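Residue numbers (UniProt numbering): 1 to 250.
For glycine and all other residues, C-beta sits at the position ideal for the given N, C-alpha and C.
Source: prediction; values computed, not measured.
To start, the structure under review is shown below, and the notes come after it.
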Amino acid sequence: VESVLKEIEEEERRVQKLEEELNHLEKSTEILHESLNEQIEKKATIENEMQHLREKNSEEDGVIDIVQRVKVLLESVEALSKQECKLKTSCEQKRSSLQAEVCELEKRIANNEETHSHSGDLHSFCDPTESWHSAKTELAAKLRDVLSLKRRLDDQPSPSELIQYERRFSELYVQIQEKHQQTRQYYATYNALLEIKELVQKETSLLNSISSQFQDAMTSTAGRAKLIDSMESVLKGTQQVYMPPITCSL
């Protein structure tokens, strides 16, 4: 009986140690939960930035800043992914260790039960065994939570997908730059055509003025002088009047 008591006391210590390991695993699980929530928030932020970038792809203002912010977010997500991989590896190693200890304890308890199955004094020592079974059940629940978290983490974007997002953002930025350059060329062409139009209008006005006064002016010397003065006045007016071109505000 004394040897049985010693074995049970030893099993109780093992159970206590196992409970401590369970507490440690629970803390690790909480850390994993927090890290997962952070990644979900980062993913939502990236999706919002992508949507905002799609809506603003026709404007240049703020595009460079958005791309830089998205790159920073992608780098942060990659860093979190590396941290979570390390944490998952640590949890899996701890889980394997705990499972090995559980199997060992099951074997030892099974051997003790077979050896002392006919001793009536063992009925008073069932509580530690029940406590161990309860701890085992709790451990199984924690392991299920860890597996569930692992599946959820596997649903997060992989580094290769993040690289594809970054490459797509770079391509989109190049397209926006090309569109902006094309728009500048359109404005330059418009301003040049506007200047040509103004010059043509001034020439037309000058020719009309000369044509309307020419016949009458040629009949007398005073008329010719008046025509010359009028032409000089029109010429000065065309040189002074100038409409500034429209500038590109992009």
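### Query
Does the beta-carbon distance from L139 to K88 come in below 9 Å?
no
### Query
When the Cα of L147 is compared with those of E92, K197, T219, which residue comes out closest?
E92
### Query
How about L18 and L98: do their beta carbons lie closer than 9 Å?
yes
### Query
If we ignore side chains and look at the alpha-carbon of each, how far apart do C85 and T137 end up?
Take the alpha-carbon of C85 and the one of T137: they are about 26 Å apart.
### Task
Would you mind sorting S117 into buried or exposed? The rule is 16 or more other CB atoms within 10 Å of its CB.
Because S117 sits at a pLDDT of 48, beneath the cut-off of 50, its placement in the model cannot be relied upon, and the following sentence gives the value as read from the coordinates. With fewer than 16 other Cβ atoms within 10 Å, it is exposed.
### Query
Using a Cβ-Cβ cut-off of 8 Å (strictly less than) and excluding sequence neighbours within five positions of S230, which residues of its own chain qualify?
S209, Q213
### Query
DSSP state of M218, grouped into three classes?
coil
### Query
Beta-carbon separation of S28 and K82 under 9 Å?
no
### Task
Given a cut-off of 9 Å, decide if R168 and L105 are closer than it, judged by their beta-carbon atoms.
no
### Cβ neighbours of T189 in the same chain (closer than 7 Å, five flanking residues each side left out)
none
### Task
Would you decide whether E20 is buried or exposed? Buried here means 16 or more other CB atoms lie within 10 Å of its CB.
exposed
### Query
Mind checking L25: buried by the 16 CB within 10 Å criterion, or exposed?
buried
### Task
May I have the straight-line CA-CA distance separating I46 from H180, to the nearest angstrom?
25 Å
### Task
Note down, in chain order, each residue of its chain lying with its Cβ closer than 8 Å to the Cβ of K236, except the 5 sequence neighbours on either side.
none
### Message
Give me the residue from K197, E41, E171, A225 with the minimum Cα distance to S76.
### Response
E41
### Message
Could you tell me the alpha carbon to alpha carbon distance between residue 269 and T183, rounded to whole angstroms?
### Response
Nothing can be reported for residue 269, as the shown portion of the chain is limited to 1 through 250.
### Task
Quick one: measure Cβ to Cβ for E49 and R69, integer angstroms, because I've assumed they're closer than 8 Å.
Going by Cβ atoms, the distance from E49 to R69 rounds to 6 Å, so yes, they are a contact pair.
### Task
Run the CB neighbour count on I176, radius 10 Å, all protein chains shown included, and call it buried at 16 or more, exposed below.
buried
### Query
Considering only C-alpha positions, which residue in the set I163, E10, L227, K107 is nearest to V72?
I163
### Task
Can you grab the Cα-Cα spacing for the pair L172 / Q185, in whole Å?
20 Å
#### Entry: CA nearest to the CA of A79, picked from E203, S35, Y187, V200
S35
### L207 versus R224: straight-line alpha-carbon distance, rounded
16 Å
### Query
Just the Cα atoms here: how many angstroms apart are I196 and E203?
11 Å
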